[in-house]
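See structure below.
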Amino acid sequence: MEIDIEKIAELAMLDIDSMDKDRIQKDMDGIAKMADILSEIKENISDNKELRTVLREDVCCKGEIFRSENADRQGYIVVPAVIGGEN
Amino acid sequence: MKDLKHMTIGELGALLKSRKISSCEITKYFLDEINRNDSRIGAYITVSETTLSQAEKADEILKNGGGTVLTGIPMALKDNISVKGMPLTCASKMLEDYISPYDAGVWERLKNQGAVLLGKTNMDEFAMGSSCENSAIKRTVNPLNEKLSPGGSSGGSAAAVASGEAVYALGSDTGGSVRQPAAFCGLVGMKPTYSSVSRYGLVAFASSMDQIGPLTRTVGDNAAVFRAISGCDHRDSTSTDGYTLINIASNNYVREKLQSKSFKIGLVREFMGKAPNMEIDAAVYSAAKALENIGSDIVEISLPNFKYALPSYYVISSAEASSNLARYDGVRYGHRSKNFKDINELMVNSRSEAFGEEVKRRIMTGTFVLSAGYQKKYYSAAVKGRNLIKKDYADAFSECDVIIAPVTPSSAFPLGTHANPMEMYREDIYTVSANLAGIPALTVPWSKSGGGMPIGIQIMGPQFSEETLYSLGEILEEVRDNAI
Chain L
3 MEIDIEKIAE LAMLDIDSMD KDRIQKDMDG IAKMADILSE IKENISDNKE LRTVLREDVC
63 CKGEIFRSEN ADRQGYIVVP AVIGGEN
Chain H
151 MKDLKHMTIG ELGALLKSRK ISSCEITKYF LDEINRNDSR IGAYITVSET TLSQAEKADE
211 ILKNGGGTVL TGIPMALKDN ISVKGMPLTC ASKMLEDYIS PYDAGVWERL KNQGAVLLGK
271 TNMDEFAMGS SCENSAIKRT VNPLNEKLSP GGSSGGSAAA VASGEAVYAL GSDTGGSVRQ
331 PAAFCGLVGM KPTYSSVSRY GLVAFASSMD QIGPLTRTVG DNAAVFRAIS GCDHRDSTST
391 DGYTLINIAS NNYVREKLQS KSFKIGLVRE FMGKAPNMEI DAAVYSAAKA LENIGSDIVE
451 ISLPNFKYAL PSYYVISSAE ASSNLARYDG VRYGHRSKNF KDINELMVNS RSEAFGEEVK
511 RRIMTGTFVL SAGYQKKYYS AAVKGRNLIK KDYADAFSEC DVIIAPVTPS SAFPLGTHAN
571 PMEMYREDIY TVSANLAGIP ALTVPWSKSG GGMPIGIQIM GPQFSEETLY SLGEILEEVR
631 DNAI
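Those protein sequence lines, which keep their order, are chains L and H. Heads up, the first sequence is in my numbering, so the first residue is 3 and it goes up one at a time. Heads up, the second sequence is in my numbering, so the first residue is 151 and it goes up one at a time.
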């Protein structure tokens, strides 16, 4: 199988012309070949409770973010203007 | 008196407490070492401008009888750990001009203990690599032999400590990036249990595996730093108090078990006899023999799904990297291309100009394994592989207390020899499974190669068994030092 690197580059938001096409094709085909062994796995062990890392409950900490230097213009985080205009 | 650069945290701490030397004097000494040697070693990307004022503050604390074992001790941070007001480059052109607006959780903890930050260390770009050669900023050499790699991705942290340009350093370990450079540079390196050290302020690479860990000269130093940085931080949603609540085994726990001949050490069948370099297997066997001689029971254990570790790791870590690095789009942070006609071109050109070759390869790989038609074949299969490996370790630890294993397939390799990425990925074969399983793993220098370079031993244990690993590590150090 040959990976369609032009399509993948487009999805990855990278310019394919910024890469050595032959090399990236060869490297990615090699990585896919290494990973082909995973198709042998027939067992379907779900990530059961014993093996799972206990995570804390997700809570909103919006206040922290809005105390940072770049933050807070009417409840939004301010970033530099992208095209034209000011912030 | 021993040269300051060869002293441990404990030795320097004793001098500081007794006021035989000040933190300012120690810090000036290390800054001089950096000035003298770092143009050759290349350990640091940034040297802090506030180091001496931090040392003055530490001296004040010590003068008033306060402080901890880390107060006044000069140290370094890998340049993917945030320090407010300092550059945070991740050794990438993407973040070359980025200044961190806040402190990482680990630095907050160390700063509160009066640690003195010398600077930020070189690394493989965004922590992707095993030789430090993927840095877009500079080259780092192994201080023990400057033709050789210091390892990676925390190669700058390892080189700083090994060259005497810092007393200790923090690195991050997603697939072996603390343990492998520690082994290459003759240091002790810990990859803690996933969730035991806060990753708040650590630039994300593969979030389900990233952990921050210390690189030090001795096991005792490593334990002291780990105890200072571990513990729950609610700003990292994966952070727990598991270490604090479960662990804290008595210092004598392992020694008592050894005396009663009830401490079992596992040797992994699938690891042994596979290293291309026989010195690596020989080191593990000699460590096992030495531990057997002092009472441990050596048992052979199996990790039958070990063959899935490396592919599972590269599929999952690349998938997570492609998602984590999507934020670098020229809009929110980092490099912004000057060459664009529309928003899409701005994003594509910014990313294409600023990311290095290996980072692009990982983003491409991650995008591929998550793309329509391939997600099930690769990503879902890798998650299954990871769960099998977790189960293998859980089964193994029902048969033994800890596992000892190689860290790397060879001792430090020459710079510029791993041009093929697959060759470089195979360097991680013994380390990635601990990250997949979320278990702690400690590297301890054990022997030397024929060429005189250090060979490390890896000790792995169940989740939150760091104190057991440190106890056994100290015993290994004693046995090693008595044999010299």
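Heads up, the beta-carbon is just placed ideally off N, CA and C, and yes, glycines get one too.
> Using DSSP with H/G/I as helix, E/B as strand and the rest coil, what is N295/H?
Replying inline: Three-state result, N295/H: strand.
>> Using DSSP's beta-bridge definition, name the partner residues of K457/H.
In response: Its beta-bridge partners do not exist; DSSP assigns none.
> Any C-beta of chain H sitting closer than 7 Å to the C-beta of V81/L?
Replying inline: True, the Cβ-Cβ gap to chain H drops below 7 Å.
> Taking Cβ to Cβ, would you say G264/H is nearer than 7 Å to G215/H?
Replying inline: At a Cβ-Cβ threshold of 7 Å, G264/H and G215/H do not count as neighbours.
>> Could you tell me the alpha carbon to alpha carbon distance between R477/H and Y483/H, rounded to whole angstroms?
In response: Approximately 8 Å, taken between the alpha carbons.
>> Less than 7 Å between the C-beta atoms of I223/H and L162/H, yes or no?
In response: Result yes, Cβ atoms of I223/H and L162/H sit closer than 7 Å.
> Do V465/H and Y403/H come within 7 Å of each other at the CB atom, strictly closer than that value?
Replying inline: Taking 7 Å as the cut-off, the Cβ atoms of Y403/H and V465/H do not count as close.
> Considering only residues of the same chain and omitting the five flanking positions on each side of D386/H, which have a CB-CB separation below 7 Å?
Replying inline: Only residues of its own chain outside the window of five on either side were considered, and among them G255, S348, R349 and Y350 have a CB closer than 7 Å to the CB of D386/H, listed in chain order.
>> Taking the alpha carbon of M225/H as the reference point, which residue from D479/H, F547/H, L365/H and N537/H has its own alpha carbon closest?
In response: Comparing Cα positions, the closest option is L365/H.
>> Taking DSSP's pairing of strands, which residues face T324/H in a bridge?
In response: Answer is none; T324/H lacks a bridge partner.
>> What does DSSP give as the partner residue(s) for D447/H in the beta ladder?
In response: According to DSSP, D447/H bridges with K414/H.
> What's the gap between the Cα of V317/H and the Cα of V533/H?
Replying inline: Distance between the alpha carbons of V317/H and V533/H is about 39 Å.
> Excluding five sequence neighbours on each side, which residues of the same chain lie with their C-beta closer than 7 Å to the C-beta of A555/H?
Replying inline: If you ignore the 5 residues before and after A555/H, its C-beta comes within less than 7 Å of the C-beta of V418, F421, V434, Y580, Q608 and M610, all in its own chain and listed in chain order.
>> Pop quiz: I184/H and G306/H are said to be a contact at Cβ under 8 Å. What is the actual Cβ separation, rounded to whole angstroms?
In response: About 12 Å separates the CB atoms of I184/H and G306/H; that is not less than 8 Å, and the two are not in contact.
> For S380/H, which residues in chain L fall below 7 Å Cβ to Cβ?
Replying inline: Residues of chain L passing the Cβ test: none, with the nearest at roughly 15 Å.
>> Considering just the uninterrupted stretch of the alpha helix (DSSP H) at G591/H, what are its terminal residues?
In response: Checking the sequence shown, residue 591/H turns out to be Ala, not Gly. It is not in any alpha helix (DSSP H) - A591/H instead sits in the beta strand (DSSP E) that spans A591 to K598.
> Which chain H residues sit within Cβ distance under 8 Å of E45/L?
Replying inline: Correct list: K534 and L538.
> In whole angstroms, what separates the C-alpha of Y252/H from that of T567/H?
Replying inline: Their backbone Cα atoms lie some 38 Å apart in a straight line.
> DSSP on L267/H, reduced to helix/strand/coil?
Replying inline: Secondary structure at L267/H: strand, using DSSP grouped into helix, strand and coil.
> Are there 16 or more other CB atoms within 10 angstroms of the CB of I5/L, so buried, or fewer, so exposed?
Replying inline: By the 10 Å Cβ count, I5/L comes out buried.
>> When you compare the CB of M236/H with every CB in chain L, is at least one pair closer than 7 Å?
In response: For M236/H, the answer is no, since every Cβ of chain L falls outside 7 Å of its Cβ.
> Which word fits A437/H, buried or exposed, when buried means at least 16 other C-beta atoms lie within 10 angstroms of its C-beta?
Replying inline: Under the 10 Å beta carbon count, A437/H is surrounded by 16 or more other beta carbons and is classified as buried.
> Taking only beta-carbon atoms, is M3/L less than 7 Å away from chain H?
Replying inline: It does not: the Cβ of M3/L has no partner Cβ on chain H nearer than 7 Å.
> Who are the neighbours of F518/H on chain L, taking C-beta pairs under 7 Å?
Replying inline: What F518/H touches in chain L: I5, I10 and M30.
> Helix, strand or coil for K228/H per DSSP?
Replying inline: When DSSP states are grouped into helix, strand and coil, K228/H belongs to the strand group.
>> Applying the 10 Å Cβ sphere with the 16-neighbour rule, what's the burial state of M428/H?
In response: The residue is exposed, with fewer than 16 neighbouring Cβ atoms inside 10 Å.
> Which stretch, first to last residue, makes up the alpha helix (DSSP H) that contains G363/H?
Replying inline: Counted as a single uninterrupted DSSP element, the stretch harbouring G363/H is not any alpha helix (DSSP H) but the beta strand (DSSP E) occupying residues Q361 to T366.
> Can you give the Cα-Cα distance for I211/H and K491/H, rounded to whole angstroms?
Replying inline: Rounded to whole angstroms, I211/H to K491/H spans 56 Å at the Cα level.
>> Is there a Cβ of chain L sitting closer than 7 Å to that of T515/H, yes or no?
In response: Yes, contact with chain L.
> Mind checking whether P280/H and P293/H have CB atoms under 7 Å apart?
Replying inline: Sequence check: residue 280/H is Ser here, not Pro. It is not a contact, given that the beta carbons lie outside the stated cut-off.
>> Runs of 3 residues minimum, wholly inside the region 552–577 of chain H: which ones carry the beta strand (DSSP E) assignment?
In response: List check, beta strand (DSSP E) in window: 552–556.
> What residues in the region 11–24 of chain L have a beta carbon less than 7 Å from any beta carbon of chain H?
Replying inline: Of all residues in the region 11–24 of chain L, only A11, L13, A14, M15, L16, D17, S20 and M21 come within less than 7 Å of chain H when Cβ atoms are compared, listed by chain position.
> Would a check of beta-carbon distances place Y78/L closer than 7 Å to chain H?
Replying inline: False, the Cβ-Cβ gap to chain H never drops below 7 Å.
> Which whole runs of the alpha helix (DSSP H) in the region 235–266 of chain H are 4 residues long or more, in chain order?
Replying inline: With a minimum length of 4 residues, the continuous alpha helix (DSSP H) runs that stay inside the region 235–266 of chain H are 255–262.
> For A34/L, which residues from the same chain have a beta carbon less than 8 Å from its beta carbon, with the 5 sequence-adjacent residues on both sides left out?
Replying inline: Excluding positions up to five away in sequence, the list reads M3 and I5.
> For I609/H, which three-state DSSP category applies?
Replying inline: Three-state DSSP puts I609/H in a strand.
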